[in-house]
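J.: Mapping of the sequence shown onto our numbering: residues 316 to 532, in sequence order.
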Amino acid sequence: VSTLAFCNTRQQCRDLLEVLQSHGIHALALHGELDQRERDQVLVQFANRSCSVLVATDVAARGLDIAGLEAVINVDVTPDPEIHVHRIGRTGRADENGWALSLASRADQRRIAAIAEAQKFEPEWHRLDELETTSEAPLLPPMATLQILGGRKDKIRPGDVLGALTGEAGFTREQVGKIQVTDAYTYVAVARDIVSVAVRKLADGKIKGKKVKVRSI
Numbered sequence: 316v317s318t319l320a321f322c323n324t325r326q327q328c329r330d331l332l333e334v335l336q337s338h339g340i341h342a343l344a345l346h347g348e349l350d351q352r353e354r355d356q357v358l359v360q361f362a363n364r365s366c367s368v369l370v371a372t373d374v375a376a377r378g379l380d381i382a383g384l385e386a387v388i389n390v391d392v393t394p395d396p397e398i399h400v401h402r403i404g405r406t407g408r409a410d411e412n413g414w415a416l417s418l419a420s421r422a423d424q425r426r427i428a429a430i431a432e433a434q435k436f437e438p439e440w441h442r443l444d445e446l447e448t449t450s451e452a453p454l455l456p457p458m459a460t461l462q463i464l465g466g467r468k469d470k471i472r473p474g475d476v477l478g479a480l481t482g483e484a485g486f487t488r489e490q491v492g493k494i495q496v497t498d499a500y501t502y503v504a505v506a507r508d509i510v511s512v513a514v515r516k517l518a519d520g521k522i523k524g525k526k527v528k529v530r531s532i
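1) Round the Cβ separation of residue 321 and residue 371 to the nearest angstrom and send it over; I've been treating them as touching at under 8 Å.
2) For the alpha helix (DSSP H) containing residue 417, name the first residue and the last one.
3) Residue 342 and residue 365: beta carbons closer than 8 Å?
4) Mapping DSSP to helix, strand and coil, what is residue 427?
5) Using 8 Å as the cut-off, can you tell me whether the stretch 384-403 makes contact with the stretch 423-431, which would need three or more C-beta pairs spanning the two stretches below that distance?
6) Rounded to the nearest angstrom, what separates residue 504 and residue 319 at their Cα positions?
7) Excluding five sequence neighbours on each side, which residues of the same chain lie with their C-beta closer than 8 Å to the C-beta of residue 386?
8) Count the other CB atoms within 10 Å of the CB of residue 324; is the residue buried (16 or more) or exposed (fewer)?
9) Measuring straight from C-alpha to C-alpha, what distance separates residue 471 and residue 493?
Below, the structure written as structure tokens:
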């Protein structure tokens with residue numbers, strides 16, 4: 316499940332990320348301390364299903380639009396009902412199904428009441444101890460991201476990368492996911508179980524007739 320988890324502060328983002336990763340959940344954080352390159356890499360991985368959980372602050376997630384987002388979790392309840400609407404509005408778009416959950420304590424009841432009044436709905440409360448885990452296995456995403464040193468300035472196109480992977484490298488189209496080309500880099504999602512082989516075969520082969528440097532991120 317592709318999940319966006321909201322925290323109110325950068326420190327809460329960092330703390331939650333540490334907890335999730337310690338439990339084997341492939342998570343990344345999006346907050347104001349990231350530079351543009353780091354932010355771009357995080358968003359690429361979340362959009363192409365290489366990251367299970369994206370932990371974000373409201374400011375960092377401003378303008379974020381992820382297709383097929385399956386769940387939004389408010390780890391921290393926002394004091395602003397309008398921000399709450401923006402948070403949960405990112406899932407269940409275009410007739411798709413989506414979950415919007417808030418983790419709230421008694422101290423948050425006043426905030427929840429304000430949100431409920433603004434949205435004209437009755438909250439559905441559940442105790443945390445009612446939740447059951449379906450598996451103890453690590454929560455790993457289906458894809459992994461490869462970064463190729465070379466992009467638009469090198470006249471690389473998505474079709475060139477797809478051709479290299481499904482041609483000489485011998486992978487199927489189903490094993491290759493989203494391909495995103497920037498000025499200097501190309502990012503391609505591949506099935507997680509082929510990532511090591513894909514790195515080696517791309518590095519041993521050529522794209523646009525040239526050798527390229529490749530790494531997994």
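Heads up, the beta-carbon is just placed ideally off N, CA and C, and yes, glycines get one too.
All of these numbers come straight from a predicted model, not from anything done at the bench.
T.: Reading from the atomic positions:
1) Position 6 of the sequence shown holds residue 321. Position 56 of the sequence shown holds residue 371. Indeed they touch by this definition, with Cβ atoms about 6 Å apart.
2) Along the sequence shown, one-based indexing puts residue 417 at 102. Run containing residue 417: none in the alpha helix (DSSP H); it sits in the beta strand (DSSP E), 414-417.
3) As a first step, residue 342 must be located in the sequence shown, where it is residue number 27. As a first step, residue 365 must be located in the sequence shown, where it is residue number 50. Contact: no.
4) By 1-based counting over the sequence shown, the position of residue 427 is 112. In the displayed model, residue 427 falls within a helix according to three-state DSSP.
5) The answer is yes - the stretch 423-431 touches the stretch 384-403, with three or more Cβ pairs under 8 Å.
6) Stepping through the sequence shown from its first residue, residue 504 is reached at position 189. Stepping through the sequence shown from its first residue, residue 319 is reached at position 4. When rounded, the distance between both Cα atoms is 19 Å.
7) On the sequence shown, residue 386 is found 71 positions in, with the first residue counted as 1. When the five nearest sequence neighbours on each side are left out, the beta carbons in the same chain lying within less than 8 Å of the beta carbon of residue 386 are those of 316, 317, 318, 319, 406, 413, 414, 415, 416, in order along the chain.
8) Taking the sequence shown and counting its residues from 1, one reaches residue 324 at position 9. Label assigned to residue 324: exposed.
9) In the sequence shown, counting from the first residue as 1, residue 471 sits at position 156. In the sequence shown, counting from the first residue as 1, residue 493 sits at position 178. If I take the Cα positions, the gap works out to 15 Å.
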